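Chemist:
Number of protein chains: 2
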Amino acid sequence: MPSKSPVIVDLKFIPEEVEAALKGAFPDREVINRADTIHYNRNLSGIDYAVVWKSAPDLFERAPDLKVVFSGGAGVDHVLTLPGLPDVPLVRFVDRSLTTRMSEWVVMQCLMHLRQHRAYEALAAKREWRDLSQPEAADFTVGIMGMGVLGQDAARKLSVLGFNVVGWSRSKKAVDGIETYAGDELDTFLARTDFLVGLLPLTPDTKGIFNAGLFAKLSRNGPFAAPIFINGGRGGSQVEADILSALDSGLLGAASLDVFEQEPLLPESRFWQMPNVYVTPHVAASSDVKALFSHVEQQIARLEGGLPLQHVVDKLAGY
Amino acid sequence: MPSKSPVIVDLKFIPEEVEAALKGAFPDREVINRADTIHYNRNLSGIDYAVVWKSAPDLFERAPDLKVVFSGGAGVDHVLTLPGLPDVPLVRFVDRSLTTRMSEWVVMQCLMHLRQHRAYEALAAKREWRDLSQPEAADFTVGIMGMGVLGQDAARKLSVLGFNVVGWSRSKKAVDGIETYAGDELDTFLARTDFLVGLLPLTPDTKGIFNAGLFAKLSRNGPFAAPIFINGGRGGSQVEADILSALDSGLLGAASLDVFEQEPLLPESRFWQMPNVYVTPHVAASSDVKALFSHVEQQIARLEGGLPLQHVVDKLAGY
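Chains as they are written, first to last, in the numbering used here: chain C, 5 to 323; chain S, 5 to 323.
(1) By the 9 Å beta-carbon criterion, what residues does the region 173–186 of chain C contribute toward chain S?
(2) For chain S, find out if any of its Cβ atoms is closer than 9 Å to the Cβ of C:A78; answer yes or no.
(3) For C:S298, collect the residues of the same chain with a Cβ closer than 8 Å to its Cβ; drop the 5 residues on either side in sequence, then sort them by chain order.
(4) Between which two residues does the alpha helix (DSSP H) holding S:S163 run?
(5) Does chain C have any CB closer than 9 Å to the CB of S:T145?
(6) What residue range does the beta strand (DSSP E) around S:I304 cover?
(7) Which word fits C:K161, buried or exposed, when buried means at least 16 other C-beta atoms lie within 10 angstroms of its C-beta?
(8) Within 9 Å of any Cβ in chain C, is that where the Cβ of S:K161 sits?
(9) For S:D135 and chain C, any beta-carbon pair shorter than 9 Å?
(10) When the Cα atoms are used, what is the spatial distance from S:D40 to C:D135?
(11) For a minimum of 4 consecutive residues, which ranges assigned as the alpha helix (DSSP H) are wholly contained in the region 162–221 of chain S?
(12) Does any residue of chain C bring its CB to less than 9 Å from the CB of S:T210?
(13) Taking any Cβ of chain S, which residues in the region 87–120 of chain C have a Cβ under 8 Å from it, in chain order?
(14) For C:G171, which of C:G155, C:L70, C:V164 has the nearest alpha-carbon?
(15) Within the same chain, show all residues whose beta-carbon is closer than 7 Å to that of S:L307, passing over the 5 residues directly before and after it, in chain order.
(16) Could you compute how far the alpha carbon of S:V179 sits from the alpha carbon of S:S173?
(17) With DSSP as the reference, identify every bridge partner of C:Y53, one or two as the case may be.
(18) Quick check on S:S290: does DSSP put it in helix, strand or coil?
(19) Ends of the beta strand (DSSP E) at C:T145?
(20) Since C:E21 meets chain S, which of its residues come closer than 7 Å, beta carbon to beta carbon?
(21) Which stretch, first to last residue, makes up the beta strand (DSSP E) that contains C:F233?
(22) Report the rounded CA-to-CA distance for S:P90 versus S:E65, giving the unit in angstroms.
(23) So that I know if they touch, is there some Cβ in chain C lying closer than 9 Å to that of S:G166?
(24) Between S:A141 and chain C, is any beta-carbon pair separated by less than 9 Å?
(25) If you follow the beta strand (DSSP E) that C:I18 is in, where does it begin and where does it stop?
(26) Can you list, in chain order, the residues of its chain with a C-beta nearer than 8 Å to that of C:M5? Leave out the 5 residues immediately preceding and following it.
(27) If you follow the beta strand (DSSP E) that S:Y323 is in, where does it begin and where does it stop?
(28) What span of residues does the alpha helix (DSSP H) with S:I247 cover, start to end?
(29) Please list the partners that S:V290 has in chain C, where partner means a Cβ-to-Cβ separation under 7 Å.
(30) What are the boundary residues of the beta strand (DSSP E) that includes C:S260?
(31) Taking only beta-carbon atoms, is S:S273 less than 9 Å away from chain C?
(32) Closer than 9 Å, CB to CB, is C:A258 near chain S or not?
(33) Are the region 255–264 of chain C and the region 216–228 of chain C touching by the rule of at least three beta carbon pairs closer than 8 Å?
(34) Given a threshold of 16 other Cβ atoms within 10 Å of its Cβ, counted over all protein chains shown, does S:E20 qualify as buried or as exposed?
(35) So what's C:L48 in DSSP terms, helix, strand or just coil?
(36) Provide the residue span of the alpha helix (DSSP H) that contains C:V111, from first to last.
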């Protein structure tokens, strides 16, 4: 029996977390962690597997024999745009923990806007005890664009919290207890939406979709009048110049952004310190690295056991 | 038929919200809104009903013939401590909206601590793009003290978000899917609790219950090591000097306080600007005033129709 193929690991995560998660992972094969300088000039030809997140641009050139590429996250746009992506299955990371974390972030952002957290923080900074007129979750409709695994989980949890929730996706999704729209029903969906949550993959169709034209179609009938934009998907889906002018003009009342057109967000960006914007550094659903390796182990075991891979990306659709 | 008794309204809420909610309320009887100066010297004898929240201390002296007192909130300690409380039914406000709002606040506080919101705000203030090691909800146990209507609703919602949840109450409560403790099982409950949520009524038994001795019994095994205290119940249940020293010494890692021993919180309080403390001005579950009046109308209709009142307080137990 030939010895088992090594696994290339090229993950731009917190290095210590990758190191820790690798302890005990892939017990029956070698791991080539590209963060480790001893592997810097290692010949990667003949290797079957790579687990990548914002990997080095020359990875596919250096590792020409990959049989499967595993994305370190739910999104795969960072892989699809790499030069020389081989024509082999690309597997996304789908995991209970990743889904749960995204919903934590989405629910927290919706609640912070609903409960006027920044306004109360500003009062506290002035040591001022004063209550603000407070609508409740049921007075708002959250509209989620992107009703895949992440969108459906967030929808269900927002709904339990008392929000009205509607969903939109490219193709129609039936979701228990949630009204859903698809394709060209977008305008109807937007007209109902007070808090817009973006959980879309980045594809040619979604590039720049969150722009001034779309914001202008959102509901202005909610208790806060101006709609709120919350993006936990991909920065490439948003036009940041439009978000800034929408916030300036009042077309948008507030925003929560975890993703940006260019990451890291530049220090000079106005987003960092706008009073009505929450910025997080692409951490809404950071992958649990142990869970990632366990998912990769399972998929490799399936493949080597003659079973089909799961969560394989449709490269034409881009997700 | 004698004309129907007026209703005295003495609610220290936002005055405009009370005014607005009174439009159309109690259509068949007079409303004496004590915030209205024309009623200042009004003779209140012979009147059957009063709806009160932090009412004037001389109310019961001035209105000696009340048949029912309605609390403007879920808590009734503000009524029980008023001089001259007549020996008539005291009815608490129980309402879907009030419950939902409290859960919004509790879930938001738990998520902000879990997701290290203040740490990310501090990074944003420095325009620094950096991710922090991030445990998930399932890595923490939230312990709720007070498993009445509010506690049970919060427990269910925290559980949906992925937190482990345990509950403690004076008398044993069976709650679907939640492990509950009662009475003298408090220490076992505390030893499991990473985030302690207080939703207790203020009674002689709960006065000062959140003190250094109790904090010392909380779990220090969670991912953040130091436990977190979140109080949405009553300020009288907490010993603020102990909370301050616990935060200083690290016995507590952080806190969220909506209620205080003395309200309004004094401007000189250190709580306002501590980096690991969220302060809100007793607004966690502000009553929806329209819903309050509709609840009072329903209870008066029951009483005058010969049916028993609902949500009557056990004055001996204090809730």
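For each residue, glycine too, the CB sits at the ideal point set by N, CA and C.
Every value quoted in this text rests on a predicted model; they were computed, and no experiment measured them.
Modeler: Quick answer:
(1) Identification of residues in the region 173–186 of chain C having a C-beta nearer than 9 Å to some C-beta of chain S yields an empty set.
(2) Here residue 78 of chain C corresponds to residue number 74 of the first sequence, with the count starting at 1. At a cut-off of 9 Å between beta-carbon atoms, C:A78 makes no contact with chain S.
(3) Numbered from 1 along the first sequence, position 294 holds the residue referred to as residue 298 of chain C. Cβ within range, chain order: A29.
(4) Stepping through the second sequence from its first residue, residue 163 of chain S is reached at position 159. Start and end: 153–165.
(5) In the second sequence, residue 145 of chain S corresponds to position 141, counting from 1. Using a Cβ-Cβ cut-off of 9 Å, S:T145 does not count as an interface residue toward chain C, since no Cβ of chain C sits closer than that to its own.
(6) For the purposes of this step, residue 304 of chain S is identified with residue 300 of the second sequence, where counting begins at 1. Careful: S:I304 lies outside any beta strand (DSSP E), inside the alpha helix (DSSP H) at 293–308.
(7) Mapped onto the first sequence, residue 161 of chain C falls at position 157. By the neighbour-count definition (other C-beta atoms within 10 Å, threshold 16), C:K161 is a buried residue.
(8) Residue 161 of chain S sits at position 157 when you count from the first residue of the second sequence. Yes, its Cβ sits closer than 9 Å to a Cβ of chain C.
(9) Along the second sequence, one-based indexing puts residue 135 of chain S at 131. S:D135 counts as touching chain C.
(10) On the second sequence, position 36 is the one that residue 40 of chain S refers to. On the first sequence, position 131 is the one that residue 135 of chain C refers to. Going from the Cα of S:D40 to the Cα of C:D135 covers about 20 Å.
(11) Taken in chain order, the whole alpha helix (DSSP H) runs of length 4 or more contained in the region 162–221 of chain S are 190–196, 216–219.
(12) As a first step, residue 210 of chain S is located in the second sequence; it is residue number 206 there, counting from the start. For S:T210, the answer is no, since every Cβ of chain C falls outside 9 Å of its Cβ.
(13) Hits within the stretch, in order: S101, T104, R105, S107, E108, W109, V111, M112, L115, M116, L118, R119.
(14) Within the first sequence, residue 171 of chain C is the residue found at index 167, counting from 1. Closest by C-alpha distance to C:G171, out of C:G155, C:L70, C:V164, is C:G155.
(15) Residue numbering aside, residue 307 of chain S sits at position 303 when the second sequence is read from its first letter. Hits under 7 Å: V72, L313.
(16) Against the second sequence, residue 179 of chain S aligns to sequence position 175. Against the second sequence, residue 173 of chain S aligns to sequence position 169. Rounded to whole angstroms, S:V179 and S:S173 show a C-alpha spacing of 11 Å.
(17) Walking along the first sequence from the start, residue 53 of chain C turns up at place 49. DSSP lists C:V11, C:V72 as partners of C:Y53.
(18) As a first step, residue 290 of chain S is located in the second sequence; it is residue number 286 there, counting from the start. Note: S:S290 maps to coil in three-state DSSP.
(19) Here residue 145 of chain C corresponds to residue number 141 of the first sequence, with the count starting at 1. Taken as a continuous stretch (DSSP letters only), the beta strand (DSSP E) holding C:T145 covers 145–149.
(20) To locate residue 21 of chain C, count along the first sequence from 1; it is residue 17. Close partners of C:E21 in chain S (Cβ separation under 7 Å): S137.
(21) Position 229 of the first sequence, counted from the start, is the residue given in the question as residue 233 of chain C. It spans 232–235 - the beta strand (DSSP E) in which C:F233 sits, taken as one unbroken run.
(22) Position 86 of the second sequence, counted from the first residue, corresponds to residue 90 of chain S. Position 61 of the second sequence, counted from the first residue, corresponds to residue 65 of chain S. Cα to Cα, the separation comes out at about 9 Å.
(23) To locate residue 166 of chain S, count along the second sequence from 1; it is residue 162. Using a CB distance cut-off of 9 Å, S:G166 counts as an interface residue toward chain C.
(24) Counted from its first residue, the second sequence places residue 141 of chain S at position 137. By this cut-off, S:A141 is an interface position.
(25) As a position in the first sequence, residue 18 of chain C is number 14, starting the count at 1. If you look at C:I18, you'll find it isn't in any beta strand (DSSP E); DSSP assigns it neither H nor E.
(26) Position 1 of the first sequence, counted from the first residue, corresponds to residue 5 of chain C. Caution applies to C:M5, whose pLDDT of 44 falls short of 50 and renders its modelled position unreliable; the value that the coordinates give is listed next. Only residues of its own chain outside the window of five on either side were considered, and among them none has a CB closer than 8 Å to the CB of C:M5.
(27) Residue mapping note: residue 323 of chain S aligns to position 319 of the second sequence, counting from 1. Taken as a continuous stretch (DSSP letters only), S:Y323 belongs to no beta strand (DSSP E), as it is neither H nor E.
(28) Counted from its first residue, the second sequence places residue 247 of chain S at position 243. 244–253 is the extent of the alpha helix (DSSP H) around S:I247.
(29) Walking along the second sequence from the start, residue 290 of chain S turns up at place 286. According to the sequence shown, residue 290 of chain S is Ser rather than Val. The contacting residues are D135, Q138.
(30) In the first sequence, counting from the first residue as 1, residue 260 of chain C sits at position 256. Where C:S260 is concerned, the enclosing beta strand (DSSP E) stretches over 258–261.
(31) Indexing the second sequence from 1 puts residue 273 of chain S at position 269. Any Cβ of chain C closer than 9 Å to the Cβ of S:S273 would place that residue at the interface, and such an atom is present.
(32) What you label residue 258 of chain C is simply residue 254 of the first sequence in a count that begins at 1. No, no contact with chain S.
(33) Output reads yes: the region 216–228 of chain C touches the region 255–264 of chain C.
(34) Taking the second sequence and counting its residues from 1, one reaches residue 20 of chain S at position 16. Exposed, since its Cβ has fewer than 16 Cβ neighbours within 10 Å.
(35) Sequence index remark: in the first sequence, residue 48 of chain C carries index 44 (1-based). It is coil, neither helix nor strand.
(36) In the first sequence, residue 111 of chain C corresponds to position 107, counting from 1. According to the DSSP assignment, C:V111 belongs to the alpha helix (DSSP H) that extends over 100–118.
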